[in-house]
Each structure stands twice: as structure tokens, then as C-alpha cells.
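One line per chain: the protein sequences are D and B, in this order.
Residue 261 in the working numbering is what sits at position 259 of the first sequence, and the numbering runs on without skipping anything.
Residue 4 in the working numbering is what sits at position 2 of the second sequence, and the numbering runs on without skipping anything.
Here the structure is laid out as C-alpha cells; the discussion comes afterwards.
2 protein chains.
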Amino acid sequence: MSNDKEITIYDIAKHLNISPTTVSRGLKDHPTINKNTRKKIAETAKELGYRSNTFASSLRSKRTNTIGVIVPRLNSYFMSSAIAGMESVANEEGYNLIISQSLESVKKEIANANTMFNNRVDGLLVSLAYDTVETDHFKTFVDKKIPVVFFDRANESDDFMSILIDNYKAGYETTKHLLEQGCKRIMHLGGTRVRNVYADRWKGYKQALKEANIGYEESLVLVSSLNEQSGKDAAKHILKMHKKPDGIFAANDAAALYCMLGLKAAGLHIPDDVAIAGFNNDPFCQIVEPNLTTINYPGYDMGKAAAGNLIGHLNGSSNLGTTNKIVLRSELIIRASSLKKV
Amino acid sequence: MSNDKEITIYDIAKHLNISPTTVSRGLKDHPTINKNTRKKIAETAKELGYRSNTFASSLRSKRTNTIGVIVPRLNSYFMSSAIAGMESVANEEGYNLIISQSLESVKKEIANANTMFNNRVDGLLVSLAYDTVETDHFKTFVDKKIPVVFFDRANESDDFMSILIDNYKAGYETTKHLLEQGCKRIMHLGGTRVRNVYADRWKGYKQALKEANIGYEESLVLVSSLNEQSGKDAAKHILKMHKKPDGIFAANDAAALYCMLGLKAAGLHIPDDVAIAGFNNDPFCQIVEPNLTTINYPGYDMGKAAAGNLIGHLNGSSNLGTTNKIVLRSELIIRASSLKKV
DNA sequence: TTGAAAGCGCTAACAC
DNA sequence: GTGTTAGCGCTTTCAA
């Protein structure tokens, strides 16, 4: 068993005096094989230390049991949760995950998509890079009938299925909550409107203002990449404003957090001077003081849903053609950062 | 190009009236191929929409260009950083990453290792599960000369290379720092001593006490799985103690954090009543109040080092046989949680 | 319920 | 510098 020689189905066949075909079938529980034969095959396989050769199998069957995953960045709480969710489903269903990150660059996203394509993945799970507009680099998959599922950061095309939360509603509810707390000048820290998630959150924000008869002010909306630096910059910007906002809705938690820390450091009181809400429910929301109001965003479930649907489709049980969009629940979690004293 | 028919090297060969072998060689820049021929091959490949078939190639060459990764959990800051580091190196070198998580269970770790083995990974990167003692499930890899590299959570065997930080030194220095702050009764929140990382941190702690002529008290050492709950439990435990500790060295940040929050909530003052230090430098260390003293632990670099060394070995440039252990720099970062007022 | 034969697309070995 | 030949290990007809 610890030798160099690899055991093949031929060895098993010879051992049992049956044909390789039967062995092949027996190994994958083909229904037409006699129970007894099947058992013998399994035993001999174990005894001889057989392991199946996935390449030979893939070469012949044109299936790889591999799913490609392309994400902007691996090391965020949301993304690692999503991937953990995918892994749990994939592992259970006998699929492998090949993972790569675009580092928020379309160029790298395209390169990664090509690698995945060349690696003949059975399907693809994608969360788009910050600045991806065209999704032609996934057309090759569509042409070859390789299913592509977008999660979180999707685009509007009908060619691809997507797993999302209702970002519009979440943006709307967060803004409405701030209004209910008495905010009159609500600032929005948003991301690029090229990305559905940020565009929708912004639209929800606008709608809530409109319903409250508050005019939309372009100067109260900052678009950035929503990272630590963006949050700090936003704080600096606010501190210089003549008419400061009394509420902030940030499109992610990192921006909300670092903006809040910047404002606090300058002596502003949260939430009395400025109420703040973020988006994602990163763990640090419950650590920072005051705790950060945010939208709870089910990363793990989203990963599970994305992988589950893709695999379901690959196994023929579900059909991506009919289901085009799955919207997961999200919820506003109100914490001290936005709760003005009564 | 959008047809079903896959282009093979035979199609290219026919197109150019040369042999498939030449095409194969030309495609991978084999030195003995004429520059002109090579160029023509590349052009035709592009024109015809050729994509290499990795299975056929792997089947023949017995190389997969795939690296397996087994980690306890994907969704921690340290681990996602490490994986991001691996991905960056692997991608650059033309390797794919297959990733799976053991969820801290040996049983699942064994299953994952077998899957990796069956998938014929060229090499394996592993961080062991919480309770893994025996590493026989990696012996199969050794037997087949498939290199295995442990990172962070390693074991002592000489069969495997490992990438680590000096946990003993880090534990020693952290404890020493607490002693220098005037702590006399330092509690240690540790993990299982089966795991090198926790055992070494604990040994460092003991050594520092010894040098300060402070007796080691078993009752001041709590062993747990070091998660959020463990931290909370530790806080409860401490609050019930008659002689409370005046310093805490936790073997990870999560335990330190939630213990600190628990103590704070009960009215204890950090660091004056109890000084606290964690381990890992998770981002929240700089968010919580007071900021948490900790050991900075280079996840991304560790991932890069692990993947880099493995790939270097696979490409024949480095030799895992000679290098057996790589120790990366780590450093104590002193923050407010342990800095008693002078 | 089982088997024989062919071939998936590539590359290693050996020739020229 | 290029070509011929053979075969990696499996699955898929088709036949029995």
C-alpha cells in the first residue's frame, strides 16, 4: 500500500476475474450491478488500496466535480463566512472548491475567470469586483452551458442567477430608522453605483428621505471604496462642514466604524450629535462603543444558498433557468449608535 | 468559438501541418521549439479558441498543479488572511487552491485529507484541528512523496515542514510585560496543550513567572476552546474568585476580548484592576476600549511563506527535506488594556 | 447483469 | 528541431 504503484480498476478486475467495466460501475453504485459483486468490488478496492483517478474520470466524463469561486477579497468577515457556507455544502455533496480573489480589480477577475474556465469547473460562484461593469468574461461560461451564480455583488443580466438581500429595502429601513430618531440631515457614505448593492442601498436612502419630505442633497452623499481610510476621510470631511449632519448611514460597517471613531475622537457625541448606522453586522459592531446599528447580513447562509443552488442545478434537481433571483432575509439591528435618548 | 466542439492540439496541428507533439511543446514554451513555430502555434491556438485540457495533461504527467489546504475554520481574521496570502502566491505560480475546513474535528480532518489525496493534490498545506493528536492521516502523503507543510498549528514530527512563530517567546514576553506592569497574580486563559501553539504559549508564561520568582498556580490557568463563550465563562469564573487576578494573559484575542468585556460590565477597571493581554492582533483589538495588548501575528505572510515554500519545493528550487521549520517574526504590541498608570 | 472495444486529450520516450 | 507511437485510467457505447 505504501508502494509507488497505483492501483487501478484493472487490478481490481483482474483480482476478481471480472471486467473493468463492472468494477467501474460497481464503484459508483450503478443500479444494474449485483449487490454481491458490488460488495466484493468495494472490499477488494479497500484491500488493494485503490483510489479513483479523478483525471481519467474527468477526461472521459467531462465532469470535474469542482466549483470555481471568485471573490473580491477573502479576508473580510462577510466573505469568509460566505465561503465557509459554500464549503460546507460543497463538501457534503462531493464537490471541491477552487477559490481565487480578484482583489477588486476587473482585470484580475477576468484572468481568474479564464483560469477557472480552463480548469473546466462545473460551475462558478462569483461576487463581482468593485469596478466590474461588463460581464462579458462570463459569457464563455454561458456559451458552454456552465452555470454561473452571482452572490451579493451581482449584475442585472438575465443570463446569471443571483443570490442577494434586498439592499433597497435595507437602505430604506435604515434611513427611516434614523429619521424616526429625529435626524434631519442624514449623510450617506456610499460605494460605487456600478455595484448593485451600493446603488440599491443609496436608492433606499433617497426613497426614505423623499417620503419624509426631506430634499436629497448631493453634498450629503460621499462615494468611496468604504474601507478604513474612507471612514477616516469621511470623519475629517464632516468635521470641516459648516452644517454638520445629525445622522450617518454608511453602506458598510468599516466605513461607519472608522468614521464614528474619527468623530468621537474630535469630541462629537454619538448618537446625540450624530446618529450612525452601518451595514453588514461585522462582529466589531458589538464591540465598539457605542455598539453600532447595522443591517444583519447572512454571509454563511448566502454561501450555502449559492453553492446549494448551483449544485442542485448541476445534479439536475433544481433549474437555474427558472429561478433567477433568490433574496435572503436581512434585518435592521438597532443598537446604541443610533438610539437618541428620548 | 461559441460552439460545442472543443479544440484540441490535434486541431491546431492539422491546421499548421505539424505534429501534435510539436504543438504540445510549443504551447508550454519548450526550449527546443523554433521561435517561429511557437509563435504560429500560439496564434492558431488563439484563433481557434483552444483551451488546454488539464485532465488529459494531469492524467499523463501525473501533476495536477493543485494544492490542498485544510484549516480548522475559514472565517477567522487570521485564517482568511493566511489563505489570502496563499492564494496570492499560488495564483502567481499557476497553482490552484482546493480548500476545506475541519471545523476543529479530527474526524473531518481525516476525511478532508483523504479527499485531497484522492484528488491527487501536488502538495498540502495544513493547520491542525483543535484536538488532532495523531497525524497518521498525512502519512499516506509522505509515502507518496507528496509534500505536506504545517502552518501555525503544527505537530512535532520530522516528516513535515512547519511554518510558525515563536509561541514560547511570545508567551514569555507577554507575561513578562504584565509582570513589569506590576501584576503579581497573572491568570492564563489557554488552549489544549495538545496543540503546539497553546502548549508553547503556556510554557512561555510559566517561564516568565519562574524568572520573577512567582509560583505557578494551577488554579490560575484555565484551558478552553478560546472562543467567545470561553471568554465570557472566564470572566464569570474570575468574578467569583476570592483572590482575583491582577493580570490576564489569554492565548487568543477572542478569549481576551470577551473576558475583558465581562469584567468591565461587572464594574472592574481595565487595566488598573486587571491588566489584560491577548494573542493574534485581530482588528478589533484597536476598536475595543481599552485597546487590547496583543501579539501581532502575520497571517498573510504565514500563508505566503507556507505556499511559497511548498511550491518552491514542487518546482525543485527549494528543498523541504533540509528546511524543516521556518519561524516568522511576531511582536508584542502594547496597548491600553495592559498599561497601568504610573 | 455483465463484458469488449474504443477513445477522451495529452505527453514521455524514442527516433530521425 | 520535429515526428511517431503508445498509453495514462477511466467511462461509454453497443452487444450479449
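Glycine is no exception: its CB is placed at the ideal position from the N, C-alpha and C atoms.
C-beta contact flag for residue i and residue j at 8 Å
| i | j | result |
| --- | --- | --- |
| isoleucine 297 of chain B | leucine 334 of chain B | yes |
| methionine 189 of chain D | leucine 228 of chain D | no |
| glutamate 106 of chain B | alanine 131 of chain B | yes |
| aspartate 235 of chain B | arginine 187 of chain B | no |
| glycine 193 of chain D | alanine 253 of chain D | yes |
| isoleucine 100 of chain D | isoleucine 72 of chain B | no |
| tyrosine 174 of chain D | alanine 210 of chain D | yes |
| asparagine 311 of chain D | methionine 163 of chain D | yes |
| serine 339 of chain D | alanine 277 of chain D | yes |
| aspartate 168 of chain B | valine 329 of chain B | yes |
| cysteine 261 of chain D | arginine 337 of chain D | no |
| proline 149 of chain B | histidine 271 of chain B | no |
| proline 74 of chain B | serine 129 of chain B | yes |
| tyrosine 302 of chain B | serine 332 of chain B | no |
| valine 199 of chain B | arginine 155 of chain B | yes |
| isoleucine 43 of chain D | isoleucine 14 of chain D | yes |
| phenylalanine 119 of chain B | threonine 134 of chain B | no |
| arginine 27 of chain D | isoleucine 35 of chain D | yes |
Beta carbon proximity, residue i to chain B, threshold 8 Å
| i | result |
| --- | --- |
| tyrosine 12 of chain D | no |
| arginine 122 of chain D | yes |
| leucine 61 of chain D | yes |
| threonine 177 of chain D | no |
| valine 290 of chain D | yes |
| leucine 330 of chain D | no |
| arginine 53 of chain D | yes |
| serine 104 of chain D | no |
| glutamate 95 of chain D | no |
| asparagine 282 of chain D | no |
| tyrosine 200 of chain D | no |
| alanine 58 of chain D | yes |
| glutamate 89 of chain D | yes |
| arginine 337 of chain D | no |
| serine 4 of chain D | Here serine 4 of chain D scores only 36 on pLDDT, less than 50, and its place in the model should not be relied on; the value that follows carries that caveat. It does: the Cβ of serine 4 of chain D has a partner Cβ on chain B nearer than 8 Å. |
| alanine 267 of chain D | no |
| asparagine 19 of chain D | no |
Option in the options with minimal Cα separation from residue i
| i | options | result |
| --- | --- | --- |
| phenylalanine 152 of chain D | D:Asn169, D:Leu127 and D:Gly173 | D:Leu127 |
| glutamate 94 of chain D | B:Leu99, B:Glu94, B:Ala113 and B:Ala92 | B:Ala113 |
| asparagine 121 of chain D | D:Val91, D:Thr134, D:Thr68 and D:Met163 | D:Thr68 |
| serine 54 of chain D | D:Met81, D:Ile72 and D:Pro22 | D:Pro22 |
| glutamate 220 of chain B | B:Trp204, B:Gly318, B:Val91 and B:Ser232 | B:Trp204 |
| arginine 65 of chain D | D:Gly125, D:Tyr170, D:Asn19 and D:Tyr260 | D:Gly125 |
| glycine 87 of chain D | D:Asn283, D:Lys343 and D:Met304 | D:Met304 |
| proline 2 of chain D | D:Tyr302, D:Asn282, D:Asn36 and D:Asp274 | With chain D running from 3 to 344 in the structure shown, residue 2 of chain D is simply not present. |
| valine 123 of chain B | B:Glu111, B:Lys147 and B:Gln103 | B:Lys147 |
Beta carbon proximity, residue i to chain D, threshold 8 Å
| i | result |
| --- | --- |
| phenylalanine 251 of chain B | no |
| proline 300 of chain B | no |
| valine 128 of chain B | no |
| proline 22 of chain B | no |
| serine 227 of chain B | no |
| proline 149 of chain B | no |
| phenylalanine 119 of chain B | yes |
| asparagine 293 of chain B | no |
| asparagine 77 of chain B | yes |
For residue i: DSSP bridge partner residues
| i | result |
| --- | --- |
| alanine 279 of chain B | B:Phe251 and B:Thr295 |
| glutamate 333 of chain B | B:Asn298 |
| isoleucine 328 of chain D | D:Ile165 |
| leucine 191 of chain B | B:Leu224 and B:Ala252 |
| valine 151 of chain D | D:Leu127 and D:Met163 |
Enclosing alpha helix (DSSP H) for residue i [first to last residue]
| i | result |
| --- | --- |
| histidine 239 of chain B | 230 to 242 |
| leucine 29 of chain D | 22 to 29 |
| tyrosine 68 of chain D | Before going on, a small fix: residue 68 of chain D reads as threonine here, not tyrosine. Per DSSP, threonine 68 of chain D belongs to no alpha helix (DSSP H); it is in the beta strand (DSSP E), 68 to 73. |
| glutamate 94 of chain D | 79 to 95 |
| serine 60 of chain B | 56 to 63 |
| alanine 2 of chain B | Since the first residue of chain B shown is 3 and the last is 344, residue 2 of chain B is not available in this structure. |
| threonine 142 of chain B | 141 to 145 |
| histidine 17 of chain D | 11 to 18 |
| arginine 40 of chain B | 37 to 50 |
Residue interval of the beta strand (DSSP E) (run including residue i)
| i | result |
| --- | --- |
| serine 102 of chain D | 98 to 103 |
heavy atom of the ligand GTP below 7 Å from residue i C-beta
| i | result |
| --- | --- |
| leucine 224 of chain D | By its list of ligands, the structure shown contains no ligand whatsoever, and the ligand GTP lies outside what it can speak to. |
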